[in-house]
Structures are given as structure tokens and as C-alpha cells.
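Input: a single structure, listed below in C-alpha cells.
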Amino acid sequence: MKTLFHILSFEWKTLWRSNTLKVLLLVVFGAGIYGIYFGKFEIDKQEARISQVQQYERQQFDSLLIWAKLDTAIVENKEKYQQAVFPTGVGWNKHFTYYLTHEASDAAGLCLGQRDLFPVYYGFNVTDLARQVNTGELANPMKLLTGNFDLSYVFVFLFPLLVVALIYNLYAGEKEGGTLSLLQSQSTSLRVILFSKGLLRMLIIWGLAAALLILGFLLQGISLAGNEQLFTQWMLIIFGYCLLWIVIMGVIVWLRQPSALSAMLGLGVWLIFTLIMPALLNLFVLANEPLPNRAEMIHAVRTLNDQNWEQSKSFVLDKFYKDNPQFNDGDTTNFNKWYYASFSLLDKEANTSKAQFEEQVNKRNALLEKWEWLAPAAMVHEKLSELSNTDRNSHLEFVKEVHAYHEGLKELYYARIFSDEQFSIEDLQTLEEKL
Amino acid sequence: MLRLVIKKEFLTALRDIRLQVSGGILIILMLTAVFVGRQGQKQIQEERAKAQSVMYDKWLNQGNKHPHSAAHYGQFAFKPKPVLSFLDIGLDNYTGISVFLEAHKQNEILFSAAQDSNGMTRFGEMTAALILQVLLPLLIIFLTFNIFSKEREEGTLKLIHAQGLSMRQLFIGKVWGTYLMVLLIFLPTILLAYLLLDQQSASLDSGVTTKFLWLTSGYTIYFLVFVLLCVLISAFAKNSGFSLLTLLGIWITSCIILPKATSNLADKVYPTPSQFEFKKTIKNKVKKGIDGHNPSDVRLASLKKEVLDEYNVETIEELPVNWSGIAMQAGEEYTDQVYDAEFTKVENIFNLQNRLSEWVGFINPFLAVRHLSMALAGTDFHHHVAFAKAAENYRRGFVKKMNKDMEVNHKPGIAYGDYNVGGEMWSSIKPFNYTLPSTGSILSSQWRSIAALAFWLAGLLMLSFIYAPKISKL
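Going down the list, the sequences are from chains R and L.
FYI, the working numbering numbers position 251 of the first sequence as 251, with every residue one higher than the one before it.
Adding 435 to a residue's 1-based position in the second sequence gives its number in the working numbering.
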């Protein structure tokens with residue numbers, strides 16, 4: 001134990017005197033800080049958009065509340081009043097556009113994941129959701145392609161390179177520097193010496209990772225208290241990932257090859273794990289399992305919509321009453337009832353066809369997941385984005401919320417439309433609570 | 436003498452087991468990327484072409500109905516998968532692939548592959564571009580990092596010099612020897628890729644051979660740039676270790692770190708507007724007029740007056756033509772005008788962002804070749820916009836035709852449901868046909884990248900010319 005300590009402290013002194021180590025650590029540390037800053041910048045931008053949308057929704061609803069109390073004796077007020085209390089709105093203007101936003105989780109700024117591919121809010125009225133969610137956020141595809149320089153990127157891509165750079169010449173460096181025979185002449189075995197050197201480097205790498213992670217939490221304003229579990233999970237994944245690389249480099253050092261070859265081998269493994277394997281998996285799965293043609297979903301909806309308009313009103317209402325007997329008053333001629341019933345049918349059709357496509361897509365993704373272990377970098381990145389709720393599933397959960405919210409709105413709207421009633425002030429207040 | 440040096444360099448490289456292994460891996464990857472990628476391209480293109488024709492059939496067989504209902508029924512446009520896209524997938528996974536075209540609104544191009552896949556997509560796809568842009572330079576580094584220092588360490592440099600070979604000749608010899616080795620890997624595989632091109636897809640693009648030749652030349656220059664850079668650095672590095680570290684540092688910075696940092700920076704310098712603002716602006720401008728003083732009801736009233744005056748009648752009922760058809764078309768055209776202006780704004784912002792990254796090509800040749808390659812493969816932003824515009828023009832065309840028919844033939848007094856047209860009308864709309872941008876337009880949009888590559892080549896040749904004689908023999 002004493003020898004170990006002795007070697008560690010001696011090695012630390014030598015390392016600390018070398019400029020290479022300082023430069024390397026500084027570069028990775030700098031990249032980490034930039035990553036933290038960039039992640040925060042992106043999330044702040046999304047948050048700004050979210051609050052812009054929420055404010056807009058609030059303002060619009062406030063005017064609605066004011067309009068509902070207007071004196072209709074004044075002619076100019078009539079249309080506004082109607083807009084506020086008619087569940088169907090006035091003319092082609094629907095009653096109200098609601099916005100549901102996908103709030104970022106605390107750690108989202110540390111790993112932006114797939115969040116930039118999807119809209120962070122949906123705006124929709126009570127008509128069919130199917131034709132209102134086919135939208136995205138404006139984004140330069142070039143930026144989506146190059147991806148985000150966030151902290152997770154630094155951990156997943158740059159840390160392994162740091163490991164390679166610190167360890168590749170553990171043995172060869174001594175040999176090429178002519179100090180190997182000196183070491184071999186010591187009473188401590190060479191294996192112990194090399195092991196302690198490796199151990200020290202591992203501590204340095206872990207130390208840097210921990211420092212960046214803590215800074216990441218602090219600088220992004222994520223309080224550590226209350227997020228202990230999140231922090232520990234991140235820490236364990238990062239430590240484990242670094243350890244994996246240290247073990248790989250250990251094996252390469254154990255081969256006792258010249259330093260240039262060891263460096264190349266290390267870099268080779270890095271290429272395989274972070275670049276080649278994921279790219280090959282994508283080539284085989286993405287390029288050769290074409291995505292289902294989702295335009296079919298839109299086609300199914302428009303075809304039904306076309307029929308709804310071409311056929312008599314009972315074509316829609318008969319179907320609708322069968323699914324929703326509570327609204328069935330035998331009326332098959334009312335325009336508004338027919339109009340809103342047909343939206344409901346469109347959503348039903350869309351959901352059936354969507355479920356089918358989701359299943360196909362899931363099958364394809366399951367195939368990717370099955371082979372994910374071949375690409376540990378991708379696996380770790382996916383894990384981190386899961387932790388940060390920035391993966392694809394988190395978006396799908398949000399879409400489910402949107403559907404549930406829309407269904408919830410429909411209850412009150414349809415109840416009023418099918419009983420041919422206006423919204424009362426209480427009704428509007430109920431809707432206000434949902435905002 | 437020079438020929439001997441070239442031959443010696445070439446043969447040493449060929450006999451080195453490490454390079455045999457890494458070169459072999461590269462060739463295998465390249466072959467896999469080409470074969471599997473080409474298969475994928477063909478399959479995707481076939482599916483999209485099929486979807487396009489199936490949807491057109493639906494349009495033809497939609498039955499008899501009012502032309503305006505048909506405009507609502509709408510059509511689809513599918514983005515063809517360019518034949519060279521398997522060499523460089525570019526933005527293809529991040530841009531939508533189809534768009535629904537209907538009356539009154541410009542829909543978004545939807546369903547990008549990235550949205551339907553898990554995080555793995557973000558790690559890129561194994562295409563020739565990835566291998567040629569990122570991996571092959573690494574091989575060049577392995578070939579050259581000790582190309583001088585090894586001779587120096589073994590003392591052969593002095594011997595060669597004593598034979599009467601100037602350092603400049605030696606430098607040229609080493610560059611050529613390495614470059615030939617690189618071309619030996621590159622040219623046969625890329626030629627094979629050309630021979631394998633899916634003829635069906637190739638027939639859609641008459642410029643495919645020219646584009647392919649430009650693509651090949653672009654890469655040929657990129658490799659020469661990289662070889663010159665590496666040989667120069669290793670000639671002046673104090674030892675092999677230092678030279679390897681420097682070259683790897685350059686590689687990591689230019690291929691891994693800089694591209695990401697550049698596009699992140701571009702988004703900061705030219706902020707992307709939000710979809711919310713974009714849509715709100717369009718809605719407001721349509722409602723209140725482009726200048727804010729020409730609201731839609733005023734516009735409608737003045738149009739009405741104009742039409743009534745033209746036909747010299749007092750009321751809409753007296754018009755010999757259908758007022759709704761006229762009003763609707765006028766509405767379409769006004770919205771189109773607003774939409775075009777706003778869309779162009781966004782397009783310009785994205786172009787500025789991408790241009791910044793093209794300019795950085797003068798600092799980082801990787802970015803130059805990346806932009807050029809993407810553009811020639813038909814998978815860059817320029818191509819996406821070209822498709823979006825073609826689809827939108829097609830939409831305008833058929834919607835206008837439907838409105839015109841309504842204006843002329845749907846006589847006043849006849850109920851909406853009583854005026855129907857059928858198959859003849861639908862087939863008068865030709866299927867959506869999109870031709871890829873020409874080589875000329877691609878090259879002119881990419882002049883910065885081409886200039887950057889030329890700049891690098893000229894600069895390095897000049898540096899070599901000046902510094903090669905000064906290479907130390909010791």
C-alpha cells in the first residue's frame with residue numbers, strides 16, 4: 001500500500017510537470033464548459049419559445065373572457081361575443097386555439113438528445129387533431145445533421161480520446177524513453193508500477209468528469225439537492241463508460257507495442273465504437289429497411305374527409321352516434337353536429353392508421369436496439385438522453401399528452417354543440433383551468 | 436531518380452502490414468457502403484416513385500365532384516431519392532420526404548427519417564462520403580507521419596542526399612508515392628460505385644455523369660491537400676511522435692470538433708426564427724395586408740368592385756362567371772405572395788448559416804469538401820429547397836386550374852353540389868415531375884467550397900515549393 005502511494009505521488013509529480021497533460025486536460029475542460037454553455041443556450045431558446053406561446057395563449061383567452069361579457073346591444077360587439085360563447089366559433093373561425101408545450105426536464109441542457117428534431121409545442125383547436133399535428137419546428141437541417149455540442153457529446157466522444165491520449169504510451173513511453181530497464185530493476189514489479197500509473201490516470205479522468213458534471217449542474221441551474229438520483233445516475237454512466245475505455249487501453253498497453261502503434265490501435269477502437277459501428281448499423285437498418293410511407297396516414301384522413309363531404313350528413317352522424325350514443329338525439333341534418341362529428345371520425349381513422357405505422361417504426365427501432373451494444377458510444381448517449389427526457393420516447397409521451405388533452409377538451413365542446421347550447425361563463429372558466 | 440523515390444514510397448507503404456490492414460479495412464468499408472447503400476437508394480427511390488404514382492392514380496380516380504372539393508382532396512409530392520445520394524447521404528435523414536398539396540395552404544414537408552428513429556441516427560450513416568472525408572485522411576496520416584523522421588532516425592536521409600537527390604525532389608517523390616497509394620484505394624472503388632449506379636434512378640438526372648466527375652475531382656483534390664499538409668508537417672516535426680500527435684490533433688479538430696462548433700456558431704450569428712412567429716406573421720399579413728393597411732375585407736371589396744365593373748353589372752348574381760372562384764383564386768395568390776416573402780426570409784437565414792460554414796472551408800478543408808460533396812450528391816439544403824419550390828408550384832398550378840374551372844364553368848345560380856367535373860378534368864393535371872437542379876446551378880451555389888479547395892491546394896503547393904528545400908537532413 002505504501003509503495004502504491006509512493007508511486008502515485010511520484011507519478012503525479014511527473015505528470016503535473018508535463019505540459020501535454022495540462023494542455024489535454026485544459027482542452028477537454030474547455031470543451032466541457034463550452035458544451036454546458038451551449039446546452040443551456042439551446043434550452044433557454046426553447047424555453048423562450050415555450051413561454052412566448054404560453055403568453056400568447058393566455059392573452060387570447062383573456063380577450064375571450066372579456067368578449068363573453070360584452071354588451072350585445074352594441075352592434076360591433078356582436079361578433080366578438082359570438083366568438084367567445086359559440087363552441088363552434090363564427091364562420092370558418094374556430095372557437096379557440098389551445099397550446100400544449102413540452103417542457104424541458106432539468107437535465108435537458110446537459111444532453112439535448114433528439115429534442116431539436118421535434119416541435120416543443122402543438123397548437124390545436126377542438127376540430128380533428130390529425131390535421132393539426134403535422135407540423136415541425138423551423139430548423140436548418142444542416143444543424144440537425146451536425147448535431148449539438150453539449151456536455152453529453154464531450155463525455156461520449158472526447159473523453160475516450162482523452163483516455164487514449166493519457167494511456168497509450170504507459171509502457172512504450174518508458175521503453176522508448178529508456179527508463180524501462182530502470183523500472184525493471186526496482187524491487188516493485190513492473191506490473192504494479194504500470195497498474196498504479198494507470199490507476200492515477202483513471203483518477204484524473206474521473207476527477208475531470210466529476211468536476212464537469214458538477215459544473216454542468218451548477219451552471220445550468222440544476223439544484224443538486226433533490227436531484228441526487230439524477231446526478232448519481234449520470235455519474236455512474238460516465239464513470240462506467242470511462243472505465244470501459246481505460247480497460248480497452250489497458251489491453252492495448254498489455255500488448256506492449258511501440259507507442260505509435262498503441263496510439264493508432266486506441267484511435268482505431270475509438271473509430272469503431274463511435275463512428276464505424278453506429279454508421280454501419282444505420283446503413284444496414286435505416287438504408288435498407290425503408291420507413292413506412294407515412295403519407296398514407298394523411299391520405300386515409302383526406303379520403304375519409306372527402307367522403308364526409310360528398311355523402312349525405314347521415315353518413316357521418318350514423319357512424320358517430322354509434323360510437324357516442326350519449327350524443328344521439330336522432331338529429332341527422334344539423335350542420336354543426338355533422339361538422340364536428342366528422343372531425344371526430346377523422347381522428348379515429350387517423351389513430352388507427354397511425355398505430356399501424358408506429359408499430360412498423362417500432363419494429364425497425366427494436367432492430368437497431370438489438371444491436372446497439374456493438375456501439376457503446378451510441379448506447380451511452382441514448383441512455384443519457386433517456387435520463388434527460390430528451391429521447392424520442394419522451395416526445396412520443398408528449399404526443400400522447402396532446403391527444404389526452406384534446407380528448408378532454410372535446411368533452412365539453414361536444415356536449416354543448418350536440419345540445420345546441422352556448423358556453424356559459426362557468427364553461428369558459430372550466431376551459432380556462434385547463435390552459 | 437524521382438521515379439525511384441515514388442516507387443520506393445509506394446512499395447514501402449504497400450508492404451507495411453499495418454497499412455495493409457487499415458487500407459484493407461477501408462476498402463471493405465467502402466465496398467460495403469457502396470453495395471448496401473446503392474441497394475438502399477434503389478429501394479427507397481422505387482418506393483417513393485411507386486407512392487407517387489399510386490397517389491396520382493387516387494387523384495385520377497377520385498370520382499366526380501366539384502373542382503374545389505378536388506382541390507381540397509389534394510395531391511402528394513414525394514421527394515425523389517437522387518441517384519448519387521448513396522455516396523453522400525447529406526441532409527436526407529433530416530429533411531422531410533413528402534408533402535400534402537391542397538387548396539388554401541402550404542403544408543410542411545414531413546416525416547424525416549431522423550424523427551422516426553432513435554438516437555443512433557445522429558451518429559451518421561456509413562456512406563462513401565464518411566469514409567472518404569473522415570477515414571481516408573486518417574490513413575494518410577498513418578502513411579505520412581514518420582515519412583521523413585523515420586529516414587532521419589535511421590540515417591538514410593543523408594545517404595539519399597549524398598546520391599544527388601535534392602530535398603525538393605525527395606519531397607515531391609514522397610508526396611506522389613503517398614498520393615498514388617491513396618488513389619489506388621479511392622479510384623477503383625469510386626469507379627465501381629459509378630458502374631453500379633441504379634439506371635432507373637440515373638435516368639431521372641441527365642447530369643449524373645458530370646456531377647459524378649465533379650464529385651470525384653473534388654475528392655481527388657481534397658486528398659492531395661491532405662497528403663501535402665501531412666508530408667509538410669511531418670517533414671518539419673522534430674520526431675515521429677510529435678508529428679503523429681500534431682496530425683491527429685489537426686484531424687480531430689477539423690473532422691470532429693470544428694464542424695459541430697461551426698454550425699452551432701452559425702445558428703447563433705444568424706438566429707433561426709421560430710415556427711410560431713413564422714406562421715403568425717403569415718396569418719397577420721394575410722389578414723391585415725402585407726403593408727398592414729390593406730385588410731382582407733377591404734381587398735375583397737375592391738376586387739368585387741373591379742369584377743363588377745369589368746362585366747358592367749351591379750350585383751354578383753348578375754355576373755356571367757362564378758364569383759367564389761375568382762375570390763378564392765385571388766385569396767390564394769395573396770397568401771402565396773405573403774408566404775413566398777416569409778419563406779424566402781427563412782431560406783435566406785439558413786443560407787447565411789450554411790454559407791458561414793462554407794467560408795470556414797478556407798480554414799478547414801473538410802468542410803469545403805463536405806459541402807461540395809453533399810451538393811453534388813443532391814442531398815444539400817439547396818436541393819431540399821428546390822424540391823419544396825417545385826412541389827409548391829405544382830400545388831399552385833392545379834389549385835389555380837380548379838379555381839379557373841369553377842370561375843368559368845360553375846354558372847351562378849347552380850348549387851355547389853350540383854356542379855361536378857370528372858376524370859377528364861383530373862387527367863388534365865399532369866403528374867408531379869421534379870427534375871434535379873443542374874450541375875451548373877450546383878457549382879455556382881458551391882463556388883465558396885470550390886474556391887476553398889483551390890485555395891488550400893495552391894497555398895500548400897506554394898508552401899511546399901518554398902519550404903521543401905529547407906527540410907533538415909539531420
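Ideal Cβ positions, reconstructed from N, Cα and C, are used throughout, including at glycine.
- In the DSSP assignment, T624/L falls within the alpha helix (DSSP H) that extends over M602 to L631.
- At least one beta carbon of chain R lies nearer than 8 Å to the beta carbon of Y529/L.
- For Q54/R, the enclosing alpha helix (DSSP H) has its first and last residue at N19 to A68.
- When DSSP states are grouped into helix, strand and coil, Y869/L belongs to the coil group.
- For H406/R, the nearest beta carbon of chain L is not closer than 8 Å to its own beta carbon.
- Nearest C-alpha to E560/L among L439/L, R473/L and V795/L: R473/L.
- At the C-beta level, E842/L and V756/L come within 8 Å of one another.
- For the region 812–899 of chain L, the full-length alpha helix (DSSP H) segments reaching 4 residues or more read 816–844, 858–862 and 874–880 along the chain.
- Within the region 507–520 of chain L, the residues whose Cβ lies closer than 8 Å to some Cβ of chain R are H507, Y508, G509, F511 and F513, listed in chain order.
- Taking 8 Å as the Cβ-Cβ cut-off, the region 536–553 of chain L approaches chain R at E537, N542, E543, L545, F546, S547, A548, A549, Q550, D551, S552 and N553, given in chain order.
- Taking a beta-carbon distance threshold of 8 Å, A468/L counts as an interface residue toward chain R.
- The beta carbon of L283/R sits closer than 8 Å to some beta carbon of chain L.
- The beta carbon of E11/R sits closer than 8 Å to the beta carbons of S196, K197 and L200 from its chain, once the five residues preceding and following it are set aside; these are given in chain order.
- Taking a Cβ-Cβ threshold of 8 Å, the residues of chain L close to V53/R are F711, in chain order.
- Taking a cut-off of 8 Å for Cβ pairs, the region 805–823 of chain L and the region 851–867 of chain L do not touch, as fewer than three such pairs fall below it.
- Taking C-alpha positions only, V85/R is separated from F418/R by approximately 15 Å.
- Relative to I272/R, the option among F357/R, T430/R, W92/R and I248/R whose CA is nearest is I248/R.
- Within the same chain, Cβ atoms closer than 7 Å to the Cβ of A672/L are found at S584, S678 and T681, the five residues on either side in sequence being excluded.
- Residue environment: H806/L is assigned as buried (16 or more neighbouring CB atoms within 10 Å of its CB, all protein chains considered).
- Within the same chain, Cβ atoms closer than 6 Å to the Cβ of W649/L are found at L811, the five residues on either side in sequence being excluded.
- In the DSSP assignment, Y340/R falls within the alpha helix (DSSP H) that extends over F335 to K370.
- Here N93/R is bridged, per DSSP, to V90/R.
- Interface criterion met: the Cβ of P694/L is under 8 Å from a Cβ in chain R.
- In this structure, the CA atom of L787/L is about 17 Å from the CA atom of A887/L.
- When C-alpha distances from A538/L are compared across E768/L, L659/L and W882/L, the shortest belongs to E768/L.
- Segment contact: the region 173–186 of chain R against the region 135–149 of chain R, fewer than three CB-CB distances shorter than 8 Å; contact not assigned.
- Taken through DSSP and simplified to helix, strand or coil, G240/R comes out as helix.
- Across the set V742/L, G554/L, F580/L and L754/L, the C-alpha of F580/L shows the shortest separation from the C-alpha of L454/L.
- Within the model, the alpha-carbon separation for P278/R versus A375/R is close to 6 Å.
- Exclusion of the five residues before and after V534/L leaves A512, N542, I544 and A826 as the residues of its chain whose Cβ lies within less than 6 Å of its Cβ.
- The region 409–417 of chain R and the region 335–345 of chain R touch, with no fewer than 3 CB-CB distances between them shorter than 8 Å.
- Within the DSSP bridge table, the entry for K313/R names no partner.
- Judged by DSSP in its simplified three-state form, E588/L adopts helix.
- No Cβ of chain L is located within less than 8 Å of the beta carbon of M235/R.
- What E482/L touches in chain R, judged by beta-carbon distance under 8 Å, is P290 and N293, going in chain order.
- Counting only Cβ-Cβ distances below 8 Å, D702/L has contacts in chain R at N140 and K143, in chain order.
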